[in-house]
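Here's the structure we're looking at; comments come further down.
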Amino acid sequence: MTTAALALLAPAVALPSQASPAGDSLVINEAYTNGGSANAVYTHKFVELYNPTDQPISLDGWSLQYRSATGTAATQGTVALSGTVPAKGHFLVSGSSNGTAGAVLPQADLVAGGAFNPAGTKGTIVLARQAGTVTDLPVGSVVTGQVPGVTDVLGYGATNTFETTAAGAPSANADPKSLTRTNGVDTDDNSADFAVTDQLTPTNAAATGGEPTPEPEPQPTPAERITIAQLQGTGTATPYAGRQVTTTGGDTAVYSTGGYDGYYIQTAGTGGDTPDATPGASDGVFVYSPDTVGSVALGDHVQVTGEAAEHYGLTQIKVAAGGVLPVAEPGAVAPTPVEFPLDEAGREALEGMVLAQQGDWTVTDNYSLNQYGSLGVVPGTKPLDNPTSVARPGAEAQAVAAANAQQLIVLDDGATTNFMRSPGNQNPLPYLDADQPVRVGAGLEFTTGVILDWRFDAWSFQPLGHLTDATAAAVQPVTIEDTRPAEAAPETVGGNVTVGSFNVLNYFTTLGQDVAGCSTYRDRAGTPVTTNGCLPRGAHTPEAFARQQEKIAAAINGLDTSVVALEEIENSEKFGLDRDHALAHLVEALNAQAGEQRWAFVASPAARPALADEDVIRSAFIYQPAEVTPVGESVILDDQTNFDNAREPMAQLFRAADGTSVGAAGTEFVAITNHFKSKGGSGATGDNVDTGDGQGAYNADRVGQAEALVAFAERMKAETGTDRVLLMGDFNSYEKEDPIRVLEAAGYVSQGALTGEYSYAFGGAVGSLDGIYASPSAAAAISGQDIWMINANESVALEYSRHNYVAEDLYSADQWRSSDHNPILVGLQLDAPVTEPTPEPEPSPGETCDGVTDPRGVPGKPANSVREWLRCVGATPGHGGDHPGKGHGPEHPGKGRGPVRP
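Laid out in structure tokens, this is it:
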């Protein structure tokens, strides 16, 4: 229905511009903000208006507006309204969509589309009797009758603008609920007037105000015959939108299954080495046609007639049944060789065409593979760097972020399948299987052409059909390098003591099923797997916990360091148990898997913060008694000024064991494990608000935590009598951010930076949130360092938390994707006075040892022969230049194609 037709419903009556407790003006009656998201009831967001009066109300000159939850000056979207709301009737405005889930809305009275795009969980919707944006709406509690032009305001969730008190809101985009006013009553209190409900009732004017005057039957408009290049134009949108067009081309990709419901065509004779006859304009276009997609095949040449349109930024032709005819055309279509990156204009000029990728390509993001069957890929031989891992926050980091965005392309699967929300889906994930890990940093080789496509607000490469196991032989577009090392162990770091740090991904022995009302994430069979928003943050069932623990134990036993600092382990005291209960349970599991009493844990100290001040997760130490001995009690920093929203640092003095388990004086060091405040912005205020400089929210608090940590380390040096200190753990700060600069300014040396590797992957880029920072004297004793690449670069589909989410069982009781953080380790050569052993007689020159001839004194023998001989007879060559496996230049073993990306 057009707005012009709505205007014919009845004579309009102008009513005062004020709030409506008296029931004398329009109100916002229902708002649905998560259309198209997972679990959505409807594909599109909507707002339903209600007229409580006995007269129809004209909407001419009115507007519907949206202000973000933190907006202060003006709304972020203004939609001009027109039409009429019947007496005691409704008016339905259809907005944007987050995806394809849900049913189609009832016929809307006005389609605003992307111009009205409220956030799913927080924001403010304004109904105004003015066409322009309301600029003087205050922040805080609003009395709408006192704001010129504003008739009604709905603030929901954690928003800064509302009537009296904000209404509740859906908990997430996947929470299929709307905000509904009860009986049209407006008390000027959003929290009282609106309920969050799963009973959605979008109602249009025709349903409540009588049948509108029927629109006249439109006269068919003759289709314009144009080329695909004319249809595409040289801008970002087709100049023919809404018009009937006819064009021809060869079928280059067909998606009869998977949800795209259409096919691509490209002008005959284009592509390959043929000079581009239409520079700046693409020769390919998507044909959306559920009615005809089953009647075309790759290589066919067709004529299509339909409506030209932009579908969320993708130019397409909507073709109904009977709108496609076979034609004979001269010239085939060939893939166009292209080297990326390209700017936006360059991509627009190729939208919809089949391309032959040139040069090297690398996987930079595999997170969405688990859900949508897609990979993030970039040109070149390395994944993208997190901006603040390589550049200072602010302009430098923003420049890196812009360059990253220019490079990133989604390698998709030709389908809209959400593998996490499709319980009946029997397709395994594309690209990934148990024998093909698809790690970040893996190289790609394109073996077929791909379509350059724009979907879900991203440029993508689409295969030439829906990619499944059944179709892979024909349409899989790439082969992917396997970068997983054959040997499942970190690099040798030397020393007589080794120290590691590992975030163990919410290791909780208290299960979700043990806590009444705890919600859960479920697998495709409906079986609970992990908790959802509960106090326990890990596994929901014993079966899921067993899978988690097997992987964590395999990783720690594989790490095999003398000391391991742990982050994200349960603080069992929060559940009425001994504080070390979960920690002791983990040590038991480690020893059981190792087949010996290899591990012990550092007990919590008697002096520690009040339980109410601690988080439900904590940091801890485990160690191998055969290699080190804890000296004295551990120490927890009780500083609620700086650590009121983070895990308190824990320190322990260790001494290298000398074979008698007593230890040797002079081999002591202090380890301090940390877990700073995360970057999430919920509740951030003042200096902690995300400024957009790349450091996220709560940066001010992390800086304060870093400063407090440095002071704590100085205290521990004084109390223990050693200045060998290792600051380790999850700092929630990338390498160039302010908190790390605090540590480095205090003289601490990043050991992770010396590896050329990374510990974390997020948003299609990699960097290190985790680290080991050594005091100068500790750094002098370090013999080597490594970040063990077992987690961040692996797909989340391998986690225990994704067990049985797809048709292929990808779970394995090994270290791969045991967590989302890669562990880091260092070796320490802690020398101390020892009794000189009786020297063994040296072999005479020329003697042999297991077939190795002593080269000493033999002219022309290279130095490496001497080292081989010394190893053979039991001597240990020094570190320095002879240290095996730790060079970081081109010959660094195991690094493959450069920094590997998760």
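Residue numbers (mature numbering (1 follows the signal peptide of the UniProt record, and there is no 0)): -19 to -1, 1 to 883.
C-beta: ideal position from N, C-alpha, C; glycine also.
Within its chain, find whatever has a CB closer than 7 Å to the CB of Tyr348; leave out the 5 residues flanking it on each side and keep chain order.
Excluding residues within five positions, the ones whose Cβ falls inside 7 Å are Val777.
Would you mind working out which of Trp797, Asn10, Ile9 sits nearest Gln417, comparing C-alpha positions?
The shortest Cα separation from Gln417 among Trp797, Asn10, Ile9 belongs to Trp797.
Return the residue from the list Ala681, Met709, Gly430 that minimises the CA-CA distance to Ala632.
Nearest of Ala681, Met709, Gly430 to Ala632, Cα basis: Met709.
Consult DSSP for Val833 and reduce its assignment to one of helix, strand or coil.
At Val833 the pLDDT is 46, less than 50, meaning the model places this residue with poor confidence; the figure from the coordinates comes in the next sentence. Val833: strand per DSSP, three-state reduction.
In the region 291 to 369, which residue ranges form an unbroken beta strand (DSSP E) of at least 3 residues, counting only runs that do not cross its ends?
If only complete runs of 3 or more residues are kept, the region 291 to 369 shows the beta strand (DSSP E) at 295 to 299, 305 to 307, 317 to 319, 335 to 338, 342 to 346, 356 to 360, in order along the chain.
Element boundaries [beta strand (DSSP E), containing Gln46]
Per DSSP, the unbroken beta strand (DSSP E) holding Gln46 starts and ends at 44 to 48.
What's the gap between the Cα of Leu547 and the Cα of Ala376?
Taking the CA atoms as reference points, Leu547 sits about 35 Å from Ala376.
Please report the Cβ distance between Thr208 and Thr248, rounded to the nearest whole angstrom; I am assuming they are in contact, meaning their Cβ atoms lie under 8 Å.
For a cut-off of 8 Å, the C-beta gap from Thr208 to Thr248 is around 6 Å, short enough to register as a contact.
Helix or strand or just coil, what does DSSP make of Met631?
Here Met631 carries a strand assignment [DSSP, helix/strand/coil].
Who are His71's beta bridge partners in DSSP?
Beta-bridge pairing links His71 to Tyr31.
Alpha carbon to alpha carbon, how far is Asn141 from Pro99? Give it in angstroms, no decimals.
So the two alpha carbons sit approximately 14 Å from each other.
With three or more beta-carbon pairs closer than 8 Å as the criterion, would you say the region 668 to 680 touches the region 611 to 624?
No, because fewer than three Cβ pairs between the region 668 to 680 and the region 611 to 624 fall closer than 8 Å, the two stretches do not touch.
How big is the Cα-Cα spacing for Ala234 and Phe743?
So the alpha carbons of these two residues sit roughly 32 Å apart.
Starting from the C-beta of Leu750, find all residues in its chain whose C-beta is less than 8 Å away, skip the five residues before and the five after it, and write them out in chain order.
So the qualifying residues of the chain are Asp711, Phe712, Asn713, Ser714, Tyr715, Ser740, Tyr741, His802.
So for His447, helix, strand or coil by DSSP?
Here His447 sits in coil by DSSP.
Once you ignore the five residues that flank Glu320 on each side, which residues in its own chain have a CB closer than 6 Å to its CB?
Setting aside the 5 residues that flank it on each side, Glu320 is surrounded in the same chain by Gln339, Gly340, each with a C-beta closer than 6 Å to its C-beta; the list follows chain order.
Any contact between the region 343 to 360 and the region 382 to 390? By contact I mean 3 or more CB pairs, one from each, below 8 Å.
Because the criterion of three Cβ pairs below 8 Å is met, the region 343 to 360 and the region 382 to 390 touch.
Collapsed DSSP secondary structure at Asp232 in the structure displayed
For Asp232, the three-state secondary structure derived from DSSP is strand.
So for Val419, helix, strand or coil by DSSP?
Coil at Val419, not helix or strand.
Inspect the beta-carbon positions of Ala534 and Phe650 and report whether they are closer than 8 Å.
In this structure, Phe650 does not lie closer than 8 Å to Ala534 by Cβ.
Is it the case that the Cβ atoms of Ala599 and Ile550 are separated by a distance below 8 Å?
Ala is not the amino acid found at residue 599; the sequence shown has Arg there. Taking the C-beta atoms as reference points, Ile550 is found nearer than 8 Å to Arg599.
Using DSSP with H/G/I as helix, E/B as strand and the rest coil, what is Asp668?
Annotated three-state conformation of Asp668 is helix, per DSSP.
Compare the Cα-Cα distances from Glu329 to each of Ala96, Ser18, Leu779, Ala210 and report the closest residue.
It is Ala210.
Taking Pro590 as the reference, give the member of Phe442, Leu86, Arg206, Asp625 with the closest Cα.
For the residues Phe442, Leu86, Arg206, Asp625, the minimum Cα distance to Pro590 belongs to Asp625.
Euclidean distance between Cα positions of Asp117 and Val128:
Roughly 7 Å separates the two Cα atoms.
Three Cβ pairs or more, each shorter than 8 Å: is that satisfied between the region 148 to 159 and the region 3 to 16?
Here the region 148 to 159 lies against the region 3 to 16, with 3 or more beta-carbon pairs under 8 Å apart.
Label Trp440 either buried or exposed according to how many other C-beta atoms from any shown protein chain fall within 10 Å of its C-beta, with 16 as the threshold for buried.
That one is buried.
Per DSSP, what kind of secondary structure is Tyr781 in: helix, strand or coil?
Residue state, collapsed to three classes: helix.
By Cβ distance, which residues of its chain are closer than 6 Å to Ala93, with the 5 residues on each side in sequence left out?
Scanning its chain for C-beta atoms nearer than 6 Å, with the 5 sequence neighbours on each side dropped, one finds around Ala93 the residues Val60, Val74, Gly76, in chain order.
Grouping DSSP H, G and I as helix and E and B as strand, with all else coil, what is Ala601?
Residue state, collapsed to three classes: strand.
Under the assumption that Leu410 contacts Gly354 (Cβ atoms under 8 Å), give the Cβ distance between them as a whole number of angstroms.
Gly354 and Leu410 do touch by the CB rule: their CB atoms are close to 6 Å apart, below 8 Å.
Measure the C-alpha to C-alpha separation of Phe489 and Ala139 and round it to an integer number of angstroms.
A direct Cα-to-Cα measurement between Phe489 and Ala139 gives close to 30 Å.
Is Asp719 near the ligand FMN, judged by its Cβ being under 7 Å from some heavy atom?
In the structure on display, the ligand FMN does not appear, and there are no ligands present to speak of.
Simplified DSSP state of Ser758, which is helix, strand or coil:
In the three-state scheme derived from DSSP, where H, G and I count as helix and E and B as strand, Ser758 is classed as helix.
To which residues of the same chain is Arg636 closer than 6 Å at the C-beta, ignoring the five residues directly before and after it?
So the qualifying residues of the chain are Thr610, Val612, Gly644, Thr648, Glu649.
Mapping the DSSP letters down to three states, classify Asp394 as helix, strand or coil.
The answer is coil: DSSP assigns Asp394 none of H, G, I, E or B.
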